[in-house]
Every structure is written in structure tokens, then in C-alpha cells.
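J.: First the structure, which I've put down as C-alpha cells, then a few questions once you've had a look.
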Amino acid sequence: MLAALLMGSALGLAHANDMPTYRLTAREGRFEPAELVVPRGQKFRLEITNAGRDPVEFESLELRKEKVLAPGVTSSLVFRPLDAGRYRFFDDFHQTTGQGAIVAK
Numbered sequence: 379m380l381a382a383l384l385m386g387s388a389l390g391l392a393h394a395n396d397m398p399t400y401r402l403t404a405r406e407g408r409f410e411p412a413e414l415v416v417p418r419g420q421k422f423r424l425e426i427t428n429a430g431r432d433p434v435e436f437e438s439l440e441l442r443k444e445k446v447l448a449p450g451v452t453s454s455l456v457f458r459p460l461d462a463g464r465y466r467f468f469d470d471f472h473q474t475t476g477q478g479a480i481v482a483k
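In C-alpha cells, the structure reads:
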């Protein structure tokens, strides 16, 4: 039984490593790049790095995702396959400048 559990965990990890990863950097109240293009209908991982001096909060109401990152921290979010469209995100701590979008094509 333990062997089956370990094999299942290894398969899950291998599957997670096959998932495409896109990178986003938050710095001084802005996201770089401000627009990410991803294939529609494909699950993906978004790796977010806070390269600034202040905390940031990645948030997307449309995608129901949010993540708070302290300065110097990198973290990931996994997204379900998206329909074609434009999905806005923002930095809740820097709403006037921290705007961006994920575009699924």
C-alpha cells in the first residue's frame, strides 16, 4: 500500500512538472510583464516573484486567485484551463500602478 502511495505521489509530481510555467515579477508597484499570453484550454502555473521592497498582493477577481508575497519571496499559483479571453489582475496594495492581464488565446 505504501508503494502505491509513493508511486501516486511521484506520478503527481511528474505531471506537475509537465505543466507550463509563466513568470511574473512584481517590482515597485508594477508587474513585469504587464500582460501574459497563455494557450486557452491548458492548465498552467504562474510563478510570482516580489523583487520590490514592499509586500504585494497578486489578485484576480475573475480568476478567483490571490497571493500575498513579502519582499524577496517567490510563490506559485496553479490555474485551471481558461477559455479564450482577457483576465485582469492587480496588486491590491498598489492598485493605481499594479495592473495587468492574462490573455488566453
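In our numbering, each number is its position in the sequence shown, counted from 1, plus 378. Built from N, CA and C at the ideal position, the CB exists for glycine as well.
Are residue 424 and residue 455 touching if we call contact CB-CB under 8 Å?
T.: Working through the sequence shown from its first residue, we reach residue 424 at position 46. Working through the sequence shown from its first residue, we reach residue 455 at position 77. Taking 8 Å as the Cβ cut-off, residue 424 and residue 455 qualify as a contacting pair.
J.: In this structure, how does DSSP classify residue 396 when only helix, strand and coil are distinguished?
T.: On the sequence shown, position 18 is the one that residue 396 refers to. If DSSP states are grouped into helix, strand and coil, residue 396 belongs with the helices.
J.: Using 8 Å as the threshold, is the segment 413 to 422 in touch with the segment 439 to 446, meaning 3 or more CB pairs across them?
T.: no
J.: Using the rule of at least 16 other Cβ atoms within 10 Å of the residue's Cβ for burial, across every protein chain shown, is residue 437 buried or exposed?
T.: Your numbering for residue 437 matches position 59 in the sequence shown. Looking at its Cβ environment, which holds 16 or more other Cβ atoms inside 10 Å, residue 437 is buried.
J.: For the candidate residues 459, 409, 462, 461, whose alpha-carbon lies nearest to that of residue 471?
T.: Here residue 471 refers to the residue found at position 93 of the sequence shown. Ranking the options by Cα distance to residue 471, first place goes to 409.
J.: Where does residue 471 sit, in a helix, a strand or coil, going by DSSP?
T.: As a position in the sequence shown, residue 471 is number 93, starting the count at 1. In this structure, residue 471 counts as coil in the three-state DSSP scheme.
J.: Going straight from the alpha carbon of residue 405 to that of residue 462, what length do you get?
T.: Counting from 1 along the sequence shown, the entry for residue 405 is found at position 27. Counting from 1 along the sequence shown, the entry for residue 462 is found at position 84. Going from the Cα of residue 405 to the Cα of residue 462 covers about 28 Å.
J.: Helix, strand or coil: which one does DSSP assign to residue 444?
T.: Taking the first residue of the sequence shown as 1, we reach residue 444 at position 66. Residue 444: strand per DSSP, three-state reduction.
J.: Kindly identify the DSSP beta-bridge partner or partners of residue 478.
T.: Along the sequence shown, one-based indexing puts residue 478 at 100. According to DSSP, which records beta bridges pairwise, residue 478 is partnered with 467.
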